[in-house]
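Sequential numbering of the sequence shown, starting at 1, is according to full-length UniProt numbering.
Ideal Cβ positions, reconstructed from N, Cα and C, are used throughout, including at glycine.
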Amino acid sequence: MAERMSARRLKLVFILSVLAASSLAMLAWTQVWVQAEVGLPDAGTQVLEIDGAIAAPALTALALSGFALAAALTIAGRLIRIVLGALEVLLGFSVFLAAFLAVRDPADASAAAVTAATGIAGHESIQLSVLGTVITPWPFVAMGAAIVMVGVGVAIIVTSGRWPGPTRKYQAVRFEQVASPHGAQPLATPTEPAASDSVGDWDDLSRGDDPTVR
């Protein structure tokens with residue numbers, strides 16, 4: 001019993017870890033990542049605040065995929081858990097890459113906002129118009145969430161055999177009495193419920209008979 005409770009606790013910890021890392025990535029996506037000082041065509045300047053939705057637009061889809069993966073883990077068997085663990089590792093690498101690219105080239109990550117504010121387009125023109133950038137801690141928070149996702153994914157793969165299997169609580173089974181060959185008390189054996197003959201019921205209705213009355 002103690003071993004089974006430990007396995008259930010292990011499963012719960014990993015599922016909550018997947019949810020926490022995905023939530024952290026989603027939170028980072030909503031925050032300001034870059035403050036960019038942009039030169040305007042009339043020789044003035046403007047400071048733009050670039051949030052994660054502009055700097056790393058793919059992050060929201062990756063975080064939502066993490067939520068869906070956590071839900072799938074609650075009912076997955078051992079083989080599927082291994083597959084989901086590998087997918088969590090892939091999601092972590094993708095989140096890290098999206099945040100890393102924004103940090104490596106903040107001017108390029110600000111391109112959509114710069115174009116909307118100034119009308120300037122093209123990679124080289126935008127690079128020249130961005131006079132300076134300040135990177136906030138939020139892309140690094142997203143990178144930290146990505147590292148957690150990779151670690152949890154690897155841990156899921158390694159420990160998948162120790163998790164409890166999916167429940168069979170809602171399996172459709174009924175019992176019927178079967179006579180014992182030695183004259184003892186009748187035994188109850190599980191049988192699958194018989195499927196209704198829908199074609200035969202339709203024919204009965206066509207003849208004016210009620211198939212629910214036997």
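Counting C-beta pairs with one atom in each stretch, the segment 30 to 37 and the segment 105 to 113 have three or more that are closer than 8 Å, which means they touch. Counting only the Cα atoms, VAL114 lies some 7 Å from ILE120. Within a 10 Å sphere around the beta-carbon of ALA98 sit 16 or more other beta-carbons, which makes this residue buried.
Close CB contacts of ALA25 within its chain, under the 8 Å cut and outside five residues either way in sequence, are with LEU59, LEU62, ALA63, GLY66, VAL95, ALA142, ALA145, ALA146 and MET149 (chain order). Between the alpha carbons of GLY77 and ALA21 lies a distance of about 23 Å. Judged by DSSP in its simplified three-state form, THR30 adopts coil rather than helix or strand. Here the alpha carbons of PHE100 and VAL47 stand approximately 22 Å from one another. Considered as a whole, the segment 78 to 126 harbours 78 to 104, 106 to 109 and 111 to 118 as its complete alpha helix (DSSP H) runs of no fewer than 4 residues, in chain order.
Around the beta carbon of PRO139, 16 or more other beta carbons sit within 10 angstroms, so the residue counts as buried. Checking the DSSP bridge columns, you'll see LEU48 partnered with ALA36.
For GLY161, no beta strand (DSSP E) encloses it, and the DSSP letter there is neither H nor E. ILE75 sits in coil when the DSSP states are folded into three classes, being neither helix nor strand. In this structure, VAL103 sits near ILE135, with a CB-CB distance shorter than 8 Å. DSSP links VAL134 through a beta bridge to GLN35. Contact between GLY153 and GLU49 is ruled out by a C-beta separation of about 33 Å, above the 8 Å threshold.
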